[in-house]
Amino acid sequence: MLRITATRQVAYRVTHRFTQLGLWACTTLWAGAALAQENDWTVHAKRVYTGSGDVVENAIVRVTDGKVAAILPGRSAPQNSLSVEAVTAGMIDASVRINAGVWSVEQSTEVQPQRSVADSIDVFDYRWLRAARSGVTTVYIAPLDRNVVGGTGVAMKTAGADSVDGRRLESKPIVRGAIGTDPSGGNSAAFGRPTSFFNRRPTTRMGVEWEWRKAFYDAVAAQRLPERDFEGADVMRDILAGKVRLCIQAWATQDIRTAVFLKEEMMREGFGEIDLVIDAAAEAWKEPQLLVRTKTSVILPPHPGSGRARDGAFMSINTAKVLVDAGVPVALSSHGARDAGERLAAQAGLAMRGGLTLEQALAAVTTTPARILGIEGRVGTVEVGKDADLVLWSGTPFEATARVSGVLVDGVLVHDPR
Amino acid sequence: MMKTLLRAALCSLTFLAATAEAGDKYAVKAGTIVTMNGESIENGVIVMEGGRITAVGSEADVKIPWDAEVLDVPDLVAMPGFVQAHATGGMDRSNETIDVAPFLQISDSIDPVAFFFEECIRWGVTTINVQHSTNCVIGAVGMVVKPHGMTVDAMLVKPRSGVKVCVSPKSGKSRATQMQILRKTFGDLKRYLDGVIQQKKDGDDTARREALYQGRELDGEKAKGRAMKGEGWKVDGLELVPRGEIDEKQEPLLAMVEGELAVYINCSVPMDVPHAIELARDNGFLSSTVLVLGSSCWKAADAIKAAGVSVVLNSTLVHIERDPVSGEEKETFVPGVFEEKGIPFALSPVDNTTRGLWYQAAVCVGHGMTRAEALAAVTTTPAEILGLTGRVGQLAKGADANVVLFSGDPLSVTSFVEYVLIDGKLAYDRSKDVRTKYLLEGITPENTASAAELDEAPTDHNGSSGEDDDENKDDENKDDDSKEGGR
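Sequences listed follow chains A and B, in order.
Take 1 as the starting number for the first sequence in this note's numbering and just add one per residue.
Take 1001 as the starting number for the second sequence in this note's numbering and just add one per residue.
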C-alpha cells in the first residue's frame, strides 16, 4: 500500500519535454514503457465523462502527439493501455497564486492593470507538479489581492515546457483586481504617525471603491485631458470596451454589489460594458439575480467547512447549486490555497454535497472555467482534436472514495496510475 | 418534551413503573444495516431496550415488540456511531501549565454544551475519548463520553480512559528536557513508594494523616493494601500501604505502571517513537499504550509493529515529503503503511463539519483499502483501542444502542446523517437541525433584494449601497483575515 511515486522520473519528463528528443528513448527504456512517443497513450476507462454531455462506457481514449485522437466506445482494455475506472478532462482552476505571494505586491501604485503576473512566475516551483498530480492541468495565475487593480493574470498549463511562454494558453486578456478589505487591509493606521515608508492607501472599503471609479473616469477623461492620463489608462479603456475581461475579487454581498454596481455605473455613463467575472464570490448565493441581470460569471473559493469565509462572508454548501440553477456560470477554485489546486476535486465533491449533479460539478471545474478564461477551444472537454489533458480516476469522480490516480498534461503522463 | 414529562410523572405516580417504561423500547427499520459485525443486512431491524441493542437482523427474523417506538426509514442506511479514539475538543482549555498533571480530571474541563459535541453528533460520532492536548508532559486523566447529555455524568461512557503523555516536547522545552522530566517522574514515583513503605515499616502514619487531612476516604478497597502489579519495575511491601493513603499526585502514575490506566503517548515525528516505546517498556505500560502519531511517523512503523502497540493516526492521510536536496516530492498514504504491517490503527477527523471520520474512511477507500477495513478504522478498531469492544463501534446484541442513519452510502459525499440514536433514544434529527440547514442552504437575510426586485436595474445609484445589516460584517476576525493576505 506504500505509494512512493517515481517523482524524479516524472519531474524529469515534465520539465524537459522539449529538450529531450534525443533522450526520450533512454527515458522510456528506463521507465519500461512500451510506447513509441511519450505523449502517445492509449487510455481505457469504464466511463469517460467527456464534458459535452456524454458518458462513454468502456471507452478507449487514444492520445497522439499530445492531442485526443479518438474516443472509441464499447472496447475492452488493450495491453499496454492505462486502464482506470473513469476519465474526465483535466481540471481548470481559475484562481491560483503560485508565485504570486505577498512579495509580488507592487507597492508603487494601487492601479496597475498594465503589469503582468507572468514576470513573477517560476515554472520550476514544486507546487506546479503538486497541482498537476491533483488533476489540475490548467490554471489562471491571478495577481495578488493587495492592489486595487492588480494586473493581468496568465492562463497556463501546470506542466510542460520550462518557460512561461511555453506553457501559456492563448486567452482573452484578463485584468484582476479586488474589492473589500484585502486591498486596504494592512495599509497604514488611520491615526498617528505612519509606521513605515511603505504605508499605502487606500485604507478603507470606501477608498478601494474610489480608486476603481477614479481609474475608470480618469482613463476616459485622459482621451481629452492629458493631465488625467496615467500608466495603464489604455488598459482601463480596453476593459470598458470589453476587449479585456475584468475579474474582481469580492467575498461578501456588499462587495459583490459594489463590483456589479461599478459595471452598471459605467454603462449608465456610456463608458462601455465591462465583461465582468467575480472571484471568491462566497456570498453570491444571496443575490443570484443580481449576477444574472449583469451577465456576470462567478469563481467560488473553497468552502471553508464552517461556512465562515473571509471579509465576514458566509458561504453555504449549496452556493454552486443556487447559482447554477439561477443560470450563473460558476467555476470552482482553490483560491490560492497553499497547495494550489490540491483541493479542487474535493471542492467539486462538496458542490455535489450541496446539490450539483456530477455533470454540473464537472462543468464547474472544466468547461465553465475554460469559458471564463476564454480557452474553451483547447481545453475543458475530452474531445477529438483538443489537448490531451486527462484526469484518470480510481472511482466515481469527485467522490471522497475516488482518487486522482493518473494525470496527463498535453499527452504527457505526469502522474502514473500504474 | 411535555409529553415525556407527563409520561414520567404518570409512571412514578401510579404504578411505580411495574411495567417497562414506555419509550424505553425503540426499533429502527432501515433499508440497509452496516453492522460492522459480519455481513450487512438488507431491510433490517434493530431493536433497543434500556439503552442497549437487544436484537439485530432481517425483518423476517426479528420481531419488533408491540410497545416499541418505531423509526421506519426504508431509504436510510444504519451504521454504528463512529468512534473517535483520541480527541482534544470539548474542554474549556485543552492544556495545563503544570508539566505533570495526571492528578487532574478531564471531567472537570469538559463542557457538555461545547459546540464540539454538537458537531460530533451532527456528523455521526457517538463515542469520543477526550484527552488533554499535546502541550503537556503528562496530562490529565481522560474519559470516554457520548456527545449527548446536559452534565458530564450523563455523557459518561468510560471514566479514567487513559492519560496523555507527550514525548514530543511541550512548548519551551527540548526533547531532552521532555524525556528527562518523564524519566524523573517515574523515578520520583519509585522513591515515593519506597519512602511511604518505609514509613509504614517504621510505624509512622504521616501518609494516613495526610490523606485524612485532604479529606480522602479510607474505607473499603481504599483501606486495603495490595502488592504492586505491573510488568516493569516493582517495589516490595506495597501491600503494607492502604491504597487510599497513596498521595493523589502519585496514584495515577502508579495506576499507569500497574497497567490499570491506559497511556496515550503523543509522537509528532518518527524520532519520538523509540523514546515512547522505551518509556512504556521501562515502566511496564507497553501493553496498555496507544501511540498518537504525527503523519511522518509511518517511518517508525517497524518499531511500532515490534512493540505490538495500537496507533491513532492524525488527520493527514497522505504524507508529502520534499527532498531537502533535490526538492522532489514523495507521497505516502499513511494508513496503508499501518495496514500492510498489521498494526491496528484508528483515524482522526480533519474537522467535524465537512471532513469528519466518514470522509477519512472514504479517502482510505480511494487509496485502495476495502470498505470494511476503512470503516473498521472509525468503528471497531477505535472501540478495541478504548477497551470498549462489543459495547460501541458495532451493531450487535448487547452493544450500546448508538445508531447513525445516513441518507445513502455512508462514504458518499452526497450522503447526510439524518438521525442519530444514542443509548436507544433519538438524539439528533436533521430535519430539526437549524444549523445544518443554515450551513447547507444559507438563509437569505432580511434587506437583501428579492429576485423580483432585482429584475429592474436601479435608476439612481451611487455605487456603494452597502445596506447589508449582517452583524458578522463587523467581526473582529476581519483584521486577522486580511493580514493573512500572503497566501
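For each residue, glycine too, the CB sits at the ideal point set by N, CA and C.
Here the structure is a predicted model, which means the values were calculated and not measured.
Counting the other CB atoms within 10 Å of its CB gives Thr1206 of chain B a total below 16, which places it among the exposed residues. Per the DSSP secondary-structure output, Gly1142 of chain B pairs in a beta bridge with B:Gly1162. Per DSSP, the continuous beta strand (DSSP E) segment holding Ile1128 of chain B begins and ends at Val1125 to Val1130. At a cut-off of 9 Å between beta carbons, Ile317 of chain A contacts chain B. For Phe271 of chain A, the secondary structure class from DSSP, reduced to helix, strand or coil, is coil. Taking the CA atoms as reference points, Ala155 of chain A sits about 43 Å from Cys1267 of chain B. Phe1333 of chain B: member of the beta strand (DSSP E) spanning Glu1329 to Phe1333, first to last residue. Under the criterion of beta carbons closer than 8 Å, Thr1127 of chain B and Lys1146 of chain B qualify as touching, at roughly 6 Å. At least one beta carbon of chain A lies nearer than 9 Å to the beta carbon of Ser1412 of chain B. Contact of Leu350 of chain A with chain B by beta-carbon distance below 8 Å involves Thr1354 and Val1413.
In its chain, beyond the 5 residues on either side, Ile1033 and Ser1058 have a beta carbon closer than 6 Å to the beta carbon of Ile1041 of chain B.
Under the three-state reduction of DSSP, Cys1267 of chain B is assigned to strand. Comparing alpha-carbon positions, the option among A:Gly380, A:Arg201, A:Ser95 and A:Val328 lying closest to Thr367 of chain A turns out to be A:Gly380. An exposed status is given to Phe124 of chain A, since fewer than 16 other beta-carbon atoms sit within 10 Å of its beta-carbon.
Collapsing the DSSP output to three states places Trp210 of chain A in a helix. Sorting B:Gly1162, B:Ala1140 and B:Val1125 by C-alpha distance to the C-alpha of His1148 of chain B places B:Val1125 at the top. Between Val1403 of chain B and the set B:Val1077, B:Lys1025 and B:Phe1186, the nearest pair of CA atoms involves B:Val1077. Listed along chain B, the residues sitting closer than 9 Å to Leu129 of chain A by beta-carbon distance are Glu1328 and Glu1329. In the three-state scheme derived from DSSP, where H, G and I count as helix and E and B as strand, Leu246 of chain A is classed as strand.
The beta-carbon of Glu106 of chain A is placed no less than 9 Å from the nearest beta-carbon of chain B. Scanning its chain for C-beta atoms nearer than 7 Å, with the 5 sequence neighbours on each side dropped, one finds around Val330 of chain A the residues Val298, Leu300, Ala320, Leu323, Val324, Ala364 and Thr368, in chain order. Contacts with chain B at 9 Å (Cβ-Cβ) do not include Gly151 of chain A. For the set B:Gly1031, B:Asn1043, B:Ala1030 and B:Glu1049, the Cα lying nearest the Cα of Ala1399 of chain B is the one of B:Glu1049.
Counting other Cβ atoms within 10 Å of its Cβ, Val1434 of chain B stays below 16 and is therefore classed as exposed.
Apart from the 5 residues on each side of it in sequence, Gly1244 of chain B sits with its Cβ closer than 7 Å to the Cβ of Ala1211, Arg1216, Glu1217, Leu1218, Lys1222 and Ala1223 in its chain, given in chain order. By alpha-carbon distance to Ser334 of chain A, the top candidate from A:Glu359, A:Pro304 and A:His44 is A:Pro304. DSSP places Ala1383 of chain B within a helical segment (H, G or I) once states are collapsed to three. Assigned with DSSP and collapsed to three states, Arg310 of chain A falls in helix. Nearest Cα to Val1325 of chain B within the set A:Val84, A:Pro143 and A:Tyr126: A:Tyr126. Comparing C-alpha distances from Ile1385 of chain B to each of B:Leu1261, B:Lys1201 and B:Thr1035 shows the shortest one belongs to B:Leu1261. Annotation: Phe1103 of chain B to Val1311 of chain B spans about 25 Å, alpha carbon to alpha carbon. Taking C-alpha positions only, His1275 of chain B is separated from Val1167 of chain B by approximately 7 Å.
His1275 of chain B: member of the alpha helix (DSSP H) spanning Asp1272 to Asp1282, first to last residue. Between the C-alpha atoms of Phe1115 of chain B and Arg1281 of chain B there is a straight-line separation of about 38 Å. No Cβ of chain B is located within less than 9 Å of the beta carbon of Ala388 of chain A.
Distance between Asp416 of chain A and Arg133 of chain A, taken at the CA atoms: about 9 Å.
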